[in-house]
Amino acid sequence: MMENNNLEQEIRELLNKEVDSKEPTAQWWNNATSKATSENRNKQKLGFWSRKPLPVFISIITVILLVSGAIYGKNLIGMGSTPSAPNYVLGESMGGLQGAEFILNTTLPDYPKFLDYYQIMQSDTTKESVEELGAKLGFSGEAGIIESQEIFVMSTGNMSLRVSFSGRMEYNSGLSLFGSASTFPPDNEIRTIAEGFFKKIGLWFSDIEFKEIKVGGTVNTKPSHLLVQYRQYIDDMPLVGNGASFSVRISDMGNILKATIIHPELKEYDKVECINSIEACDSLMKGNGILFAVPSNCKKIIINGIYIGYFIEAHIEKQEYSLPVYVFEGECLDSDGNYIQDFITYIDAVDRD
């Protein structure tokens with residue numbers, strides 16, 4: 001028993017010498033463990049963890065681990081307390097940025113660590129295919145080409161059609177977007193009108209899903225037309241970004257005023273390691289969002305939705321791959337809590353560390 005007491009005393013002396021050093025040295029570990037193991041080596045007949053270690057040996061190792069942990073902690077964070085990680089709690093503030101306070105109004109989603117990303121295939125848009133589309137919309141004549149803008153164009157009367165080489169289609173009926181409207185058909189009729197239009201021109205696809213109907217514009221604070229938006233999905237995740245559009249604008253009389261359609265062909269290419277939703281929130285609060293903009297009179301941003309989508313750039317013809325992003329959606333409010341505008345930003349989901 002006296003021998004064990006001496007052993008403990010020697011270990012404590014070694015610890016006292018090293019406690020103020022930046023980190024345990026190799027020599028310290030060797031000295032601290034050699035005596036502890038030498039006294040027990042001859043008694044270990046059944047393997048190290050096959051029998052209960054002596055109490056004094058456990059106490060020595062425990063002291064060593066506790067002190068070494070304290071040394072590392074002191075070296076990494078100084079004498080102060082450990083800073084807590086960001087705590088993103090439903091209904092509470094996420095922090096402030098650009099003069100606005102962020103309030104989390106949704107739960108944080110979980111996604112796999114590795115997600116697919118996709119190659120954007122080249123469009124097969126041709127002059128002939130544009131003319132065929134134009135005929136379905138009531139255009140006559142041939143399509144022109146603006147090489148510098150990489151688009152095909154058609155016009156008949158006030159109507160215009162522009163189709164980029166990448167396949168983005170913009171149709172304008174020539175009717176005003178800002179006529180005075182009184183009432184609109186119910187939402188189910190509006191959807192029927194929109195989807196009937198897509199089917200009529202041969203641009204309705206199985207991977208397209210309805211997103212929402214919202215006011216598309218106002219005249220003297222009154223709605224002038226409705227914007228009907230759809231989304232393309234890939235592997236149950238939506239295409240997002242300012243280049244992803246599948247929508248029509250409809251008047252109170254049920255007329256198609258304008259349509260913007262892009263439906264890229266995507267091919268699974270590889271997998272990429274991604275950050276989790278907490279890390280995405282951290283990135284948001286550092287102001288790292290794509291298309292991140294907050295009005296000067298916005299004092300509070302309510303985050304109502306967080307999810308992953310695949311980003312499509314405005315100039316998709318220059319984009320080779322579609323990568324995952326976290327989408328943060330919500331509302332901008334003024335200091336009195338009044339709605340200003342919708343809020344949306346995109347956070348790169350790829351782990352680039």
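If you count the sequence shown from 1, position 75 lands on 75 in my numbering, and the numbers rise without skipping. Beta carbons: idealized from backbone N, C-alpha and C, even for Gly.
Linking Asp110 to Ile146 through their CA atoms gives a straight-line distance of about 46 Å.
Between the alpha carbons of Gly216 and Asp336 lies a distance of about 25 Å. At a Cβ-Cβ threshold of 9 Å, Met121 and Lys267 count as neighbours. Separation of Leu177 and Ser224 (C-alpha to C-alpha, rounded to the nearest whole angstrom) is 7 Å. For Ala100, there is no enclosing alpha helix (DSSP H); the enclosing beta strand (DSSP E) covers residues Ala100 to Leu104.
The shortest CA-to-CA distance from His263 to any of Ser123, Glu131, Tyr117 and Leu323 is the one to Ser123. Restricted to the stretch 170-228, the alpha helix (DSSP H) segments that are unbroken, complete and at least 4 residues in length are 187-200, listed in chain order. Taking a contact to require three or more Cβ pairs closer than 8 Å, the stretch 186-204 and the stretch 281-297 do not qualify as touching. Taking each of Leu226, Pro238, Leu284 and Ser182 in turn and checking the Cα distance to Ala100, the smallest one comes out for Leu284.
Met154 sits buried, since 16 or more C-beta atoms from the chains shown fall within 10 Å of its C-beta. DSSP, reduced to helix, strand and coil, places Leu90 outside both helices and strands of the structure shown, so it counts as coil. The C-beta distance from Glu329 to Glu150 rounds to 31 Å, too long to fall under 8 Å, and the pair is not in contact.
By the criterion of a C-beta distance shorter than 6 Å, Arg249 is surrounded in its chain by Gly216, His225, Leu227, Leu257 and Lys258, once the five residues flanking it on both sides are discounted. Closest option to Ala314, judged by alpha-carbon separation, among Arg168, Gly179, Asp348 and Lys299: Arg168.
DSSP places Ile278 in the uninterrupted alpha helix (DSSP H) bounded by Ser277 to Met285. Of all alpha-carbon atoms in Asp252, Lys211, Phe205 and Tyr230, the one lying nearest the alpha-carbon of Lys222 is that of Asp252.
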